[in-house]
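Below is one structure, written out as structure tokens, with a few remarks after it.
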Amino acid sequence: MKPKQFEKRLGQLRSWREYGFILALAERNYPNFALFAELTAPDHGARVRKLLDQGWEMLGSRDHDLDVFQLLTHLSHCAPDPDAHEVYGVQPALTMVELLEQAFLCRVNPDKPRAAAASAASFAVVMTFIEFSEGEGLDEDALVDLFEGHELMQAERGFQEFLLEMLGEARSTDEAWVEALKATAANDGVSNLGLGLDADPQ
28 MKPKQFEKRL GQLRSWREYG FILALAERNY PNFALFAELT APDHGARVRK
78 LLDQGWEMLG SRDHDLDVFQ LLTHLSHCAP DPDAHEVYGV QPALTMVELL
128 EQAFLCRVNP DKPRAAAASA ASFAVVMTFI EFSEGEGLDE DALVDLFEGH
178 ELMQAERGFQ EFLLEMLGEA RSTDEAWVEA LKATAANDGV SNLGLGLDAD
228 PQ
């Protein structure tokens, strides 16, 4: 998918499709948060996992009894403070929380476009990780080349394009469809940084 076409498709997302897109990005980023939480606040991993699952419940059912404002409050209590931690993993963890927050805010104010910013935030996590892990000493041009050809960037791009296709083709959010989207986003517990829940975030 060409960049302009990708941007156009992002801008066309509305209602539950936009919500589902951002929620899926949060799901793919979740292991980044969970790994960081294991080191800093172990109970937060389970709390955010529950909030994510409740987010999927809202996508699959219009008759849910979940209070979005309450979910946002619970989520804010789990957001890591980047000024309180010197380890690299705090930023990907914070981005994951911010993605889930943006998904929930889609339910509060569906008229404000959020998909493009969420997409960019997820790409930025991957780019920063590549630069952190492989980009030392490279100039700007070399970094651009590194990003363009990197398998993690290609995987992120492919994942986001797949989401746009899957959401664009869907006509409803029945249970089977939601479970399929969730499973795709979860990626067997491996994040967009290639980190699994049994990996070392350091």
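Per my numbering, residue 28 is the first one in the sequence shown, and the count goes up by one each step. Glycine included, each C-beta is placed from N, C-alpha and C at the ideal position.
Query raised in the report: Under the three-state reduction of DSSP, which class applies to Val217: helix, strand or coil?
Result: The residue you call residue 217 lines up with position 190 of the sequence shown. It is a strand residue.
Query raised in the report: In chain order, what residues of the same chain have a beta carbon less than 8 Å from the beta carbon of Leu132, not counting five sequence neighbours either side?
Result: Here residue 132 refers to the residue found at position 105 of the sequence shown. Leu99, Lys139 and Arg141, listed in sequence order.
Report task. Pick helix, strand or coil for Gly223, following the three-state DSSP scheme. Result -> What you label residue 223 is simply residue 196 of the sequence shown in a count that begins at 1. In the structure shown, Gly223 sits in a strand (DSSP, three-state: E or B).
**Report entry** 7 Å Cβ cutoff met for Cys105 and Val153
**Finding:** Translated into the one-based positions of the sequence shown, residue 105 becomes position 78. Translated into the one-based positions of the sequence shown, residue 153 becomes position 126. Contact flag unset, no.
Query raised in the report: What number of angstroms, rounded off, separates the C-alpha of Ala64 from the C-alpha of Leu224?
Result: Taking the first residue of the sequence shown as position 1, residue 64 is located at position 37. Taking the first residue of the sequence shown as position 1, residue 224 is located at position 197. Whole-angstrom Cα-Cα distance: 11 Å.
Query raised in the report: So Ile49 packs on Gln118, CB below 8 Å; how close in whole Å?
Result: As a position in the sequence shown, residue 49 is number 22, starting the count at 1. As a position in the sequence shown, residue 118 is number 91, starting the count at 1. About 18 Å; that fails the 8 Å criterion.
Query raised in the report: If we call anything under 7 Å between Cβ atoms a contact, is Phe60 one with Ala120?
Result: As a working mapping, residue 60 is identified with position 33 in the sequence shown. As a working mapping, residue 120 is identified with position 93 in the sequence shown. Result yes, Cβ atoms of Phe60 and Ala120 sit closer than 7 Å.
Query - Three-state secondary structure (DSSP) of Gln229 - result: Reading the sequence shown from its first residue, position 202 is the one you call residue 229. Only weak support is given to the placement of Gln229: the predicted model assigns it a pLDDT of 37, under 50, and the value that follows is read from those uncertain coordinates. Gln229: coil per DSSP, three-state reduction.
Query raised in the report: Under a three-way DSSP split, which group does Ala106 fall into?
Result: Indexing the sequence shown from 1 puts residue 106 at position 79. It is coil, neither helix nor strand.
Query raised in the report: Can you tell me whether Phe159 is buried or exposed, with buried defined as 16 or more other CB within 10 angstroms of its CB?
Result: Start at 1 with the first residue of the sequence shown, and residue 159 comes out as number 132. Result: exposed.
Query raised in the report: Expressed to the nearest angstrom, what Euclidean distance is found between the alpha-carbon atoms of Asp108 and Ser149?
Result: Here the question's residue 108 lines up with position 81 in the sequence shown. Here the question's residue 149 lines up with position 122 in the sequence shown. Cα-Cα distance, rounded: 19 Å.
Query - Identity of the residue in Ala207, Asp110 and Leu173 nearest Glu161 by Cα - result: One-based indexing of the sequence shown puts residue 161 at position 134. It is Leu173.
Report task. Identify, in the order they occur along the chain, each residue of the same chain with its Cβ nearer than 6 Å to the Cβ of Phe33, setting aside the five sequence neighbours on each side. Result -> Indexing the sequence shown from 1 puts residue 33 at position 6. Correct list: empty, nothing qualifies.
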